[in-house]
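Some notes on the structure that comes next.
Residue numbers (the UniProt record's numbering): 1 to 306.
Shown next, in the form of structure tokens:
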């Protein structure tokens with residue numbers, strides 16, 4: 001039986017130089033719990049972290065992970081999530097090493113509902129990964145995070161979530177007033193660190209944790225964006241239903257093409273399948289985890305570098 005109150009001090013982060021990985025390592029390093037952090041990367045030269053962080057290179061082979069996971073209390077995975085077998089191998093290795101808490105790399109939309117796979121077929125591996133962890137939760141607890149869309153990335157295009165800053169264009173879906181959830185990368189990192197801290201470790205055991213930075217709309221973002229940049233965006237209009245239909249057809253025609261996957265994510269971000277409207281139900285953990293409020297305009301200025 002897993003001891004959910006076992007203190008977590010030694011934390012290892014896989015995929016530490018990716019968007020979420022960097023945010024996670026920095027938040028863990030800054031947390032007053034004074035975690036001992038190991039950041040794993042394939043290329044050590046790309047890692048720029050606080051001096052207290054131990055940076056190690058690994059090819060993520062089973063033998064390498066067996067060595068790295070020894071004496072670790074928690075594993076935070078920030079790796080790509082669609083390789084089911086790799087994720088399961090990592091979980092199995094963590095179990096054998098006696099890791100107490102596992103955080104899978106599932107930061108994104110709410111795929112926990114019964115119809116999620118029907119709306120967004122490519123998230124099936126995420127569902128399978130979580131179900132696999134649930135099988136062993138009496139031996140090793142888990143925490144997974146629903147964070148909505150990555151707010152920062154909207155402005156770092158080209159062409160992501162309907163925003164193409166390089167071309168000064170935006171596609172507005174369904175009129176632009178549909179509310180959706182978005183999280184900054186720093187918010188995701190803060191949530192991970194808070195969940196592993198002594199005050200929240202038991203509460204977050206075997207839980208899907210819902211956090212965000214904002215509940216906003218496309219029209220609100222476009223208005224703020226034009227005010228900050230003093231530029232008029234070229235606006236096109238579409239519907240999420242039509243956008244999703246075209247993406248599914250494109251994916252059927254070429255299953256190896258990743259663009260339709262991105263388009264399916266965009267359709268889901270803005271309302272298709274209710275995968276990104278969770279702040280009211282099931283509700284946010286922000287206050288429970290001690291996460292402060294973020295300002296949309298300030299966060300946008302930071303993402304734009306202005």
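Even for Gly, the Cβ is constructed at its ideal location relative to N, Cα and C.
Classify residue i as helix, strand or coil using the three-state DSSP reduction.
i           : result
residue 119 : helix
residue 8   : coil
residue 254 : coil
residue 294 : coil
residue 203 : coil
residue 211 : coil
residue 309 : Beyond the ends of the chain as shown, which are 1 and 306, falls residue 309; an answer cannot be given.
residue 70  : coil
residue 141 : strand
residue 75  : strand
residue 108 : strand
residue 93  : helix
How is the beta strand (DSSP E) around residue i delimited, first residue to last?
i           : result
residue 160 : First-last for residue 160: undefined, no H or E at that position.
residue 170 : 169 to 173
residue 181 : 180 to 183
residue 151 : Segment: none, residue 151 is in no beta strand (DSSP E) and carries neither H nor E.
residue 102 : 101 to 103
Using the Cα positions of residue i and residue j, report the straight-line distance between them to the nearest angstrom.
i           : j           : result
residue 213 : residue 269 : 15 Å
residue 132 : residue 121 : 18 Å
residue 163 : residue 96  : 44 Å
residue 159 : residue 37  : 35 Å
residue 9   : residue 98  : 14 Å
residue 233 : residue 260 : 24 Å
residue 7   : residue 258 : 40 Å
residue 275 : residue 20  : 20 Å
residue 93  : residue 123 : 23 Å
residue 305 : residue 145 : 27 Å
residue 148 : residue 50  : 28 Å
residue 73  : residue 22  : 20 Å
residue 256 : residue 57  : 29 Å
residue 194 : residue 156 : 27 Å
residue 266 : residue 281 : 21 Å
residue 310 : residue 245 : In the structure as shown, the chain begins at 1 and stops at 306. Residue 310 is therefore absent and cannot be evaluated.
residue 88  : residue 54  : 25 Å
residue 264 : residue 32  : 39 Å
Let's see if you can read the secondary structure: which residues bound the alpha helix (DSSP H) around residue i?
i           : result
residue 130 : 124 to 135
residue 222 : 218 to 229
Item to complete: Could you say if the region 22 to 33 and the region 183 to 191 meet the contact criterion of at least three C-beta pairs nearer than 8 Å?
Response: The answer is yes - the region 183 to 191 touches the region 22 to 33, with three or more Cβ pairs under 8 Å.
Beta strand (DSSP E) runs contained entirely in the region 6 to 58, provided each spans 3 or more residues: The qualifying runs are 10 to 14, 36 to 41 and 54 to 57.
| task | Check whether the region 15 to 22 touches the region 71 to 91, counting contact only when three or more Cβ pairs, one atom from each stretch, lie closer than 8 Å. | result | Counting Cβ pairs under 8 Å, three or more are found: they touch.
| Contiguous beta strand (DSSP E) assignments of at least 3 residues, all confined to the region 231 to 286 | Within the region 231 to 286, the complete beta strand (DSSP E) segments at least 3 residues long are 234 to 238, listed from N- to C-terminus.
Do the region 200 to 220 and the region 288 to 305 touch if we need at least three Cβ pairs shorter than 8 Å? These segments touch.
- Message: When you compare the region 197 to 213 with the region 166 to 183, are there three or more beta-carbon pairs, one atom per stretch, that lie closer than 8 Å?
- Response: Two segments are said to touch when three or more pairs of C-beta atoms, one from each, lie closer than 8 Å; by this definition the region 197 to 213 touches the region 166 to 183.
Flag this pair as touching only if the region 235 to 244 and the region 134 to 145 have three or more C-beta atom pairs under 8 Å; answer yes or no. Flag = no, the region 235 to 244 and the region 134 to 145 do not touch.
Report task. Answer yes if the region 107 to 115 comes into contact with the region 34 to 48, meaning at least three C-beta pairs across the two stretches below 8 Å, and no otherwise. Result -> Under the Cβ criterion (8 Å, minimum of three pairs), the region 34 to 48 does not count as touching the region 107 to 115.
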